[in-house]
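The structure appears right after this line, and notes come after that.
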Amino acid sequence: MSHTLAAGKVGLFHYTLRDGEGNTIDSSDGKDPMVYLHGVGNIIPGLEKQLTGKTEGDVLDVVVPAAEAYGEASGEPPQAIPRDQFPADVPLQKGMGMRAQDAQGTPIMIFITDITDSHVLVTAEHPLAGKELHFHVEIVRIRDANENEIAHGHPHGPDGNADH
Ligand code: ZN
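End of the sequence shown sits at 1632 in our numbering; the numbers just go up one at a time, nothing left out.
Written out as structure tokens, the structure reads:
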């Protein structure tokens, strides 16, 4: 019986992610393949949609519009936050994402766009917002998810038995 990607399956795939100009943004080259549980939003919606029904050994090139990836860019300028409001022991880097809370105390992700001597510029927008993403994908393995993985909404490693 051959497996195809559908809800309740765990997929393992190698990928290269490029922007619209062909610059490589990220790749699993030289690393373990990406492992995800299909159908629960572990990966961006546009990629998950186009992987549906694909099988082991399939190689595909997928173009995902910004709206189905990290969303459209809002164009809102980043916010400047005094440096001393960040923990001193966390090395801050441009492009880095951190957990924070908005004014209502709701947990959000923020991303650092720039760092000056006195301030850190942050935005709630993902660095890839507004970008069309080009994926080259090779599906290396598909297996059934186990009960724990389905209950947790994520895979437990390539074989489903990893601790966490
Ligand atoms: Zn888990």
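Glycine included, every Cβ here is placed at the ideal spot set by N, Cα and C.
According to DSSP, residue i sits in a beta bridge with which residue or residues?
i, result
"G1625", "Paired residue(s): none; G1625 is not in a bridge."
"T1591", "F1579"
"P1606", "Note on identity: in this sequence residue 1606 is Glu, with Pro being the wrong assignment. Per DSSP, H1482, V1527."
Within its chain, find whatever has a CB closer than 7 Å to the CB of residue i; leave out the 5 residues flanking it on each side and keep chain order.
i, result
"D1494", "L1485"
"D1526", "I1607"
"E1617", "V1478, L1505, P1623, H1624, G1628"
Give me, in chain order, the residues of the same chain whose beta-carbon lies closer than 8 Å to that of residue i; leave out the 5 immediate sequence neighbours on both sides.
i, result
"E1524", "S1470, H1471, I1607, V1608, R1609, I1610"
Quick one: is the Cβ of residue i within less than 7 Å of any heavy atom of the ligand GTP?
i, result
"L1601", "Only the ligand ZN can be found as ligands here, which leaves the ligand GTP out of the picture."
Going residue by residue through the stretch 1473-1500, where are the continuous beta strand (DSSP E) segments of at least 3 residues, counting only ones entirely within it? The stretch 1473-1500 contains these whole beta strand (DSSP E) runs: 1477-1486, 1492-1495.
For the ligand ZN, enumerate in chain order all residues having a CB closer than 7 Å to any of its heavy atoms. So the residues near the ligand ZN by this Cβ test are N1616, E1617, H1620, H1622, H1624, H1632.
Length at least 4, wholly inside the stretch 1510-1570: the alpha helix (DSSP H) runs in chain order: List check, alpha helix (DSSP H) in window: 1513-1519.
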